[in-house]
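Chains as they are written, first to last, in this note's numbering: chain A, 1 to 112; chain B, 1 to 115. Positions of the beta carbon are idealized from the N, C-alpha and C atoms, including for glycine. First comes the structure, then the notes that go with it.
Structure, rendered in structure tokens:
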């Protein structure tokens, strides 16, 4: 079947580094996305991985290991505005079309 | 401004009264999708469309219908809403569903309550 797991909640301090893990199981892996969602708002795109390795975008980096079904999102120099939910999503092509499966999200609290 | 719009943003209705939530995008995107978001369950895909006249079921299609007659519009229809369809609904679009890094752009959400 298809499944995505990520921690429900994490807490970190302003200025610190936090790593949010995501593990997935899917037979038709076709890319992994990370989205940020502030409370009451729509998700917004953060990063994309389809090949193994690290993708860096400013304070945000995302890593993928396809053989392990594992990804992480790394947030550096945390700011208060980074308090949000972070959603891991896999694009799956098992059916010959492209479906998206989302994890339940990790709620990150950044403390002063 | 490039955007995905949804209407209405908030809706309270009664069981069995048919309703339609509209979704429109102005970015000439091929791929469009509907999700529902529930506490503890995350975003779940209801239906998606790879292009005009092409729609497919997501993980939770029961009780919903969609159509894609034009590229820009992708309405979500609830023929006979029930209380278990009370949720926050998001429409999303992306340039294509090909294996490229085409992220999805989400609409602002529609909060639906069925009593």
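Q: Could you tell me whether the stretch 13-30 of chain B touches the stretch 66-84 of chain B, where touching means 3 or more Cβ pairs closer than 8 Å?
A: yes
Q: Mind listing the chain A neighbours of residue 48 of chain B? Cutoff is C-beta to C-beta under 8 Å, in chain order.
A: In the second chain, residue 48 of chain B corresponds to position 48, counting from 1. Under the 8 Å cutoff, chain A gives 97, 98, 99 and 100.
Q.
Quick check on the burial criterion: 16 or more other C-beta atoms within 10 angstroms. Buried or exposed for residue 79 of chain A?
A. Indexing the first chain from 1 puts residue 79 of chain A at position 79. Residue 79 of chain A is exposed by the Cβ-count criterion.
Q) Below 8 Å between beta carbons: does that hold for residue 51 of chain A and residue 34 of chain A? A) Numbered from its first residue, the first chain carries residue 51 of chain A at position 51. Numbered from its first residue, the first chain carries residue 34 of chain A at position 34. The answer is no: Cβ separation not under 8 Å.
Q) Under the three-state reduction of DSSP, which class applies to residue 85 of chain B: helix, strand or coil? A) The residue given as residue 85 of chain B occupies position 85 in the second chain. Assigned with DSSP and collapsed to three states, residue 85 of chain B falls in helix.
**Q.** Nearest candidate by alpha-carbon position, reference residue 67 of chain A, set A/107, A/53, A/16 and A/102
**A.** In the first chain, counting from the first residue as 1, residue 67 of chain A sits at position 67. Here the closest residue by C-alpha is A/53.
(Q) For residue 76 of chain B, would you say it is in contact with chain A, using Cβ-to-Cβ distances shorter than 8 Å as the test? (A) Here residue 76 of chain B is taken as the residue at index 76 of the second chain, counted from 1. Closer than 8 Å: no.
Q: For chain B, find out if any of its Cβ atoms is closer than 8 Å to the Cβ of residue 51 of chain A; answer yes or no.
A: Walking along the first chain from the start, residue 51 of chain A turns up at place 51. It does not; no Cβ of chain B falls within 8 Å.
Q) residue 3 of chain B versus chain A: which residues are under 8 Å apart at the beta carbon? A) Reading the second chain from its first residue, position 3 is the one you call residue 3 of chain B. Within chain A, no residue comes near residue 3 of chain B; the closest Cβ sits about 10 Å away, beyond 8 Å.
Q.
Going by DSSP, what residue range makes up the beta strand (DSSP E) through residue 3 of chain B?
A. Locating residue 3 of chain B in the second chain gives position 3, where the first residue counts as 1. First-last for residue 3 of chain B: undefined, no H or E at that position.
Q. Chain B partners of residue 43 of chain A, CB-CB under 7 Å?
A. Walking along the first chain from the start, residue 43 of chain A turns up at place 43. Going along chain B in sequence order, the residues near residue 43 of chain A (Cβ under 7 Å) are 106.
Q. What do you get for residue 53 of chain B, buried or exposed, if any count of 16 or more other CB atoms within 10 angstroms of its CB means buried?
A. As a first step, residue 53 of chain B must be located in the second chain, where it is residue number 53. With fewer than 16 other Cβ atoms within 10 Å, it is exposed.
Q) In whole angstroms, what is the alpha-carbon distance linking residue 30 of chain B and residue 36 of chain B? A) Locating residue 30 of chain B in the second chain gives position 30, counting from the first residue. Locating residue 36 of chain B in the second chain gives position 36, counting from the first residue. Roughly 20 Å between the two C-alpha positions.
Q. Is any beta-carbon of chain A found at less than 8 Å from that of residue 42 of chain B?
A. Looking up residue 42 of chain B in the second chain gives position 42. At least one chain A Cβ lies under 8 Å of residue 42 of chain B.
Q: Give me the Cβ distance between residue 88 of chain B and residue 109 of chain B, rounded to the nearest whole Å; I'm assuming they're in contact under 8 Å.
A: The residue labelled residue 88 of chain B in the question sits at position 88 within the second chain. The residue labelled residue 109 of chain B in the question sits at position 109 within the second chain. That pair is a contact at about 5 Å.
Q) Does residue 11 of chain A have its Cβ less than 8 Å from a Cβ in chain B? A) Mapped onto the first chain, residue 11 of chain A falls at position 11. Not one chain B Cβ lies under 8 Å of residue 11 of chain A.
**Q.** Cβ-Cβ separation, residue 93 of chain B to residue 25 of chain B (assumed contact under 8 Å), whole Å
**A.** Counting from one through the second chain, the residue named residue 25 of chain B turns up at place 25. Counting from one through the second chain, the residue named residue 93 of chain B turns up at place 93. Taking C-beta atoms under 8 Å as the contact rule, residue 25 of chain B and residue 93 of chain B qualify, at a distance of about 4 Å.
Q | Coarse secondary structure for residue 32 of chain B, derived from DSSP in three states | A | As a position in the second chain, residue 32 of chain B is number 32, starting the count at 1. In the structure shown, residue 32 of chain B sits in a strand (DSSP, three-state: E or B).
Q: Count the other C-beta atoms from every protein chain shown that fall within 10 angstroms of the C-beta of residue 111 of chain A, then say buried if there are 16 or more, exposed otherwise.
A: The sequence position of residue 111 of chain A within the first chain is 111, counting from 1. So residue 111 of chain A ends up on the exposed side.
Q: Could you check what DSSP says for residue 59 of chain B in three-state terms: helix, strand or coil?
A: Walking along the second chain from the start, residue 59 of chain B turns up at place 59. Reduced to three states, the DSSP call for residue 59 of chain B is coil.
Q: Return the bridge partner residues of residue 22 of chain B from the DSSP annotation.
A: Within the second chain, the letter at position 22 stands for residue 22 of chain B. Answer is B/7.
Q: Could you work out which residues of chain A lie near residue 45 of chain B, taking near to mean beta carbons separated by less than 9 Å?
A: To locate residue 45 of chain B, count along the second chain from 1; it is residue 45. Chain A residues near residue 45 of chain B: 99, 100, 101 and 102.
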